[in-house]
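Q:
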Amino acid sequence: MKTPKACNECRRSKRKCSRRDGRLGDSCDQCQVKNLRCTASLANADLPPRVHSLLPKSSLAAHQDTSIDVPVDVAARLVDHYLTRLHNRPHSLFHPATLKRQVQDGSINKALLLSICSIGARFDHDDEIRSLENIYNNESKRLLLADLENICIENVQTCILIANLYAAHLNPSSEALFFRIGVNLLQIIDAGTFSVARTLIDREIRIRAWWTLYMADRWSSSSLGLAPQIRDSDIAVDLPIHEPIFEAFSPDQIKLNVPWQPGLWVHKISLVRLFGPIKDLNHRSAYGNISHDEIESTVASLSKLLDDWEWTIPSNVRLSTENLERYIEVGHGGAFIALHLGYHHYATLLYFRFLEPAVSSSPLAAIYRAKCKFHASSYSDLLRLARQRENCEVIYPTVGHMAVVSSSVLLHTLLFSVDDDVQPVRDALNSNFEAILELRRYWPNTESMIHRLVTFQNYCLLSNDYRTHTLDGWMLRFLIQYSLPLGEKDVAPVTSGMDLDMDSFSARTQAVTEQGRYTKFNVGDTILDGINMDSSDGSAVK
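Sequential numbering from 1016 applies to the sequence shown in the numbering used here.
1) Among T1214, R1384, E1309 and W1489, which one has its Cα closest to the Cα of G1502?
2) Would you mind sorting R1441 into buried or exposed? The rule is 16 or more other CB atoms within 10 Å of its CB.
3) By Cβ distance below 8 Å, which residues in the same chain neighbour V1281 in space, the five residues on each side in sequence not counted?
4) Less than 9 Å between the beta carbons of L1108 and L1176, yes or no?
5) Assign K1187 to one of three DSSP states: helix, strand, or coil.
6) Quick check: L1185 and N1460, are their CB atoms within less than 9 Å of each other?
7) Can you find the residues in the same chain that come closer than 8 Å, C-beta to C-beta, to S1028, ignoring five residues on each side of it along the sequence?
8) Taking the alpha helix (DSSP H) that F1369 falls in, what are its first and last residues?
9) Enumerate in chain order the residues of its own chain whose CB-to-CB distance from S1082 is below 8 Å, with the five nearest sequence positions on each side excluded.
10) Would you list the residues sitting across from I1256 in a DSSP beta bridge?
11) Could you give the distance in angstroms between the alpha-carbon of A1315 and the alpha-carbon of Q1268?
12) What's the gap between the Cα of R1030 and the Cα of C1043?
13) Please classify H1106: does DSSP put it in a helix, a strand, or coil?
14) What are the boundary residues of the alpha helix (DSSP H) that H1427 is part of?
15) What did DSSP end up calling I1123 once you bin it into helix, strand or coil?
16) Could you work out which residue in R1402, E1262, S1033 and W1458 is closest to A1112 when comparing CA atoms only?
17) Can you name, in chain order, every residue of its own chain whose Cβ lies under 6 Å from the Cβ of H1390, other than the five neighbours on each side?
18) Please tell me whether A1353 and N1103 are closer than 9 Å, where the distance is taken between their beta carbons.
19) So S1393 is in the alpha helix (DSSP H); what residue range does that whole segment cover?
20) In three-state terms, what does DSSP make of Q1172?
21) Does the beta-carbon of S1306 have 16 or more other beta-carbons within 10 angstroms, so that it is buried, or is it exposed?
22) With DSSP run on the structure shown, which of helix, strand or coil describes T1214?
23) Which value, in whole angstroms, describes the spacing of the CA atoms of N1165 and R1221?
24) Go through its chain and collect everything with a Cβ distance to T1485's Cβ below 6 Å, but skip five positions before and after it.
25) How many whole angstroms separate the CB atoms of L1093 and A1136, which I take to be in contact at a CB cut-off of 8 Å?
26) Within its chain, find whatever has a CB closer than 7 Å to the CB of K1294; leave out the 5 residues flanking it on each side and keep chain order.
27) Hey, does I1131 have any beta-carbon neighbour from chain B nearer than 9 Å?
28) Buried or exposed: which applies to Y1151, given that a residue is buried once 16 or more other Cβ atoms fall within 10 Å of its Cβ?
29) Quick check: the Cα distance between D1095 and Y1302, rounded to an integer number of angstroms?
30) Just to confirm the assignment, what range does the alpha helix (DSSP H) spanning T1313 have?
31) Taking the alpha helix (DSSP H) that Q1489 belongs to, which residues open and close that run?
32) Enumerate in chain order the residues of its own chain whose CB-to-CB distance from P1277 is below 7 Å, with the five nearest sequence positions on each side excluded.
33) Closest by CA to S1423, which one among T1313, C1053 and F1367?
34) Does DSSP put L1444 in a helix, a strand or coil?
35) Reducing DSSP to helix, strand and coil, say where L1334 ends up.
36) I think I1245 touches L1228, with their Cβ atoms under 8 Å apart; what is that distance to the nearest whole Å?
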């Protein structure tokens, strides 16, 4: 028997069952006029729902049959690259076993898969796969925008990964945009209009997405000089559980079978909460919106908080060879290293102002100056250790920026220290530069970091005659607002009548070179003196 095309009402009234817009699944014209429940509409209730897209229909039609498919074996390999190199470092978004299973059975959201593949492709050994990075990213973005009204955790995760890809390609405005879209999506999910997480895995993924966005919001907004979107008072989310416990959750588990323990990300969160006050202090002092006494008291308070953080974290989280070995064994060596790199970086930012001797008359100034140099050197030592050990990868772009900040302090020590033995500082500086060059193999934005470092050294060469280390607007952009162009540094001569010209610059360069205090940064066959740079890899000149 054929399925009747007319609804019950039209058959009863012997009228033509028509639809003005011609779409099956909608009520017919007669039922709409009479406000009746159309049986023809119900008969077609199993039809797929209409997609309300942000893209025009012509655009959808053009892409409807051209969506990119990634072979399962390739997708699995690229996802593994992502989990091995980046997972739990700059972001913590997935339950690894669940993610791998979804890739194998094809249940993973396609936009999300393509964004992961775009990131993973840059680490692949196959040139053809690496060349697909932008294709994967563009298709992921297209699919995400077409599905943006679908409020789900997968779209939040995709937004975060696309934002990171924009950051890697020097597009900070789009980076900030997609991070903020991710925040808004997650806020809507948590507003109570959507179902609560059914399993422990789902719940923990939402928790980690929130804190990943919190961390990203702090860094992304500061890099552009913007206020963060997520205020500390706005976020009321549970803290992440210990990573090995989370990874051991079964797919349907709804009850925690072991005592809750804090994960590495809990300590990252408590640490990044100090980044905001440190950034705000530097910003206010750079633009003269704070008194000298308030600067001194705020530095003392933040210094104590940083010291307390180091002393109050559990003994099994403190930086030690034994702890590192244990985290490597459970697959979290890179996350452990990343935690402590962040600690040294935030401390370097806090104490950087004291490199300029005249900045403070406080008796603590010399102590703070020594702390700045200690943390900058410790950052370099730890980054070198990570590069020497297996399963300790910390190769995400922020590591490069932090290495530049560390190097800027090392350059100051190299050029102006009264100590004749500068070889340890040179070694640390060269090690940082080699790490930055390694990052450049994967992340295009690292190239601009190299130029910033060379620019800083060129200003340092004039520091005997010019106050180039004062924490002013230029230095703030160098240290924190790293997505903004540096521009020209306003150097005021200490001694009148001194000209900033190439002759004096060259003479100063020659002098520090003879003292063994000048570093020429070698990229392949090209030595960088702040002018040009070759695109091949290399190492710093010893």
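A virtual CB, placed ideally from N, CA and C, is assigned to each residue, including glycine. Bear in mind the structure is a predicted one, so any value in this text is a computation, not a measurement.
A: Short version:
1) W1489
2) Flag for R1441 reads buried.
3) L1254 and P1255
4) In contact: L1108 and L1176 (Cβ atoms closer than 9 Å).
5) Note that residue 1187 corresponds to Pro in the displayed sequence, not to Lys. It is helical.
6) Yes, the pair counts as a contact, with Cβ atoms nearer than the cut-off.
7) Correct list, in chain order: Q1045.
8) For F1369, there is no enclosing alpha helix (DSSP H), as DSSP marks it with neither H nor E.
9) K1125, E1154 and L1158
10) P1277
11) 46 Å
12) 11 Å
13) strand
14) P1412 to F1431 is the extent of the alpha helix (DSSP H) around H1427.
15) Three-state result, I1123: coil.
16) Of R1402, E1262, S1033 and W1458, the residue nearest in Cα terms is E1262.
17) H1359, A1362 and T1363
18) Yes. Within cutoff.
19) Where S1393 is concerned, the enclosing alpha helix (DSSP H) starts and stops at A1380 to Q1403.
20) helix
21) exposed
22) coil
23) 16 Å
24) Exclusion of the five residues before and after T1485 leaves E1371 as the residues of its chain whose Cβ lies within less than 6 Å of its Cβ.
25) 6 Å
26) S1237 and I1495
27) The question asks about chain B, but that chain is absent: this structure has only one protein chain.
28) buried
29) 46 Å
30) For T1313, the enclosing alpha helix (DSSP H) stretches over residues H1307 to T1327.
31) The sequence given here places Trp at residue 1489; Gln does not occur at that position. Here the alpha helix (DSSP H) through W1489 covers G1488 to L1494.
32) L1254 and H1257
33) F1367
34) helix
35) coil
36) The Cβ separation is near 7 Å, so the contact holds.
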